[in-house]
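The numbering of the sequence shown is this note's numbering, which starts it at 641 and goes up by one.
We put the CB at the ideal spot given by N, CA and C, even for glycine.
Nothing here was measured: the structure is a model prediction, and the numbers come from that model.
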Amino acid sequence: MSMLMERKMTVENDKHVKKSSNSHRIVYDTKDLNLWYSNTHALKDINLAINEKEVTAIIGPSGCGKSTYIKTLNRMVELVPGVRTTGSITYKNKNILDKSFKVEDLRTQVGMVFQKANPFPKSIYENIAYGPKIHGIRNKKVLDEIVETSLRGAYIWDEVKDRLNENAYGLSGGQQQRLCIARCLAIQPDVILMDEPTSALDPKSTLKIEELAQELKKDYSIIIVTHNMQQAARISDKTAFFLNGEVIEFDDTNTIFTNPADNRTEDYISGRFG
Ligand SMILES: Nc1ncnc2c1ncn2[C@@H]1O[C@H](COP(=O)(O)OP(=O)(O)OP(=O)(O)O)[C@@H](O)[C@H]1O
């Protein structure tokens with residue numbers, strides 16, 4: 641990474657709270673992260689300070705490590721046998737890669753939405769109530785409130801309020817994806833990770849998810865992997881460009897798309913490869 645980029649990523653460091661130059665607090669501070677799948681070196685010396693309550697886009701060609709990185713942020717990646725990491729990812733003053741860190745703590749604070757919507761084969765209501773129930777909430781009135789608030793938060797309440805007891809599989813693909821976002825909201829996370837959430841959706845549903853991400857960043861930190869550069873440009877505040885497991889450039893989205901510092905970023909965003 642260039643000196644310029646390193647300087648841009650430098651953070652102010654006070655006693656407990658790190659602030660980036662535009663005064664947003666940092667939600668995830670990744671330092672010198674390396675990751676191997678057995679012999680494949682998938683992430684190389686990643687340094688990224690991701691701001692809270694912003695949308696951060698991760699872009700780059702196929703196989704560059706985008707999904708691996710986002711799955712490291714909730715430690716899902718370690719479900720793959722043979723994964724090894726070095727370096728640190730600080731979340732709320734703790735290194736989540738540390739052996740002593742309890743992964744269950746992340747499950748309640750970090751929600752994830754996948755490429756293909758994955759509702760449970762249950763009713764719309766149960767899809768949302770499931771997480772809160774696991775966390776011990778049994779009171780019907782409280783659960784009703786969580787279900788409504790979460791569905792409203794994901795802008796799908798009006799479409800489903802009269803069919804809450806119907807199976808979620810009866811919803812359209814775009815509705816299912818918003819239901820999955822509502823399911824994330826029900827656990828009141830800090831962060832929502834999205835791994836290509838619109839790649840299986842039609843343009844209208846895509847637009848709805850994009851609008852939703854813009855709304856949600858008022859309350860949540862959103863990190864989104866996308867192949868769609870127009871989407872990254874439309875909805876994100878910051879963009880990280882990955883190539884061959886490295887972060888080539890990380891900056892304000894506007895800068896990345898109008899005045900990138902590295903030729904490889906320019907070549908990628910102008911469609912010369914990838
Ligand atoms: N489960 C796995 N086992 C072994 N290697 C893997 C595994 N998952 C990913 N890799 C390798 O790690 C590298 C990064 O893959 P990753 O899926 O993170 O890339 P990506 O940028 O998300 O790609 P895409 O855009 O195609 O989804 C690739 O070389 C890939 O082959």
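The beta carbon of Asp877 sits closer than 8 angstroms to those of Asn691, Glu694, Val695, Thr696, Lys857, Asp892, Thr893, all from its chain and outside the five residues before and after it, given in chain order. In the three-state reduction of the DSSP assignment, Phe897 falls in the helix class, which pools H, G and I.
The Cβ atoms of Ile875 and Glu850 sit closer than 8 angstroms to each other. In its chain, beyond the 5 residues on either side, Gln815, Arg818, Leu819, Ala822 have a beta carbon closer than 7 angstroms to the beta carbon of Ile796. In this structure, the beta-carbon distance from Glu886 to Thr866 does not fall below 8 angstroms. Between ligand 1 and the CB of Gly705, the shortest heavy atom gap is smaller than 7 angstroms. Among the bridge pairs identified by DSSP, Val695 is matched with Ile862.
By the CB criterion at 8 angstroms, Val750 and Leu673 fall outside the cutoff.
Spatial neighbours of Asp669 in its own chain (CB-CB distance under 6 angstroms, excluding positions within 5 residues in sequence) are listed in chain order as Ala689, Thr730.
Straight-line spacing of the CA atoms in Val753 and Phe741 works out to 23 angstroms. Look at Gly793: its beta carbon is at least 7 angstroms from all of the heavy atoms in ligand 1.
Shortest gap from the CB of Thr725 to any heavy atom of ligand 1: 7 angstroms or more. Exposed is the label assigned to Pro721, since fewer than 16 other Cβ atoms lie within 10 Å of its Cβ. DSSP, reduced to helix, strand and coil, places Ser702 outside both helices and strands of the structure shown, so it counts as coil.
As computed with DSSP, Tyr770 is found in no beta bridge at all.
Judged by pairs of C-beta atoms under 8 angstroms, the segment 702-718 touches the segment 681-688, as three or more such pairs exist.
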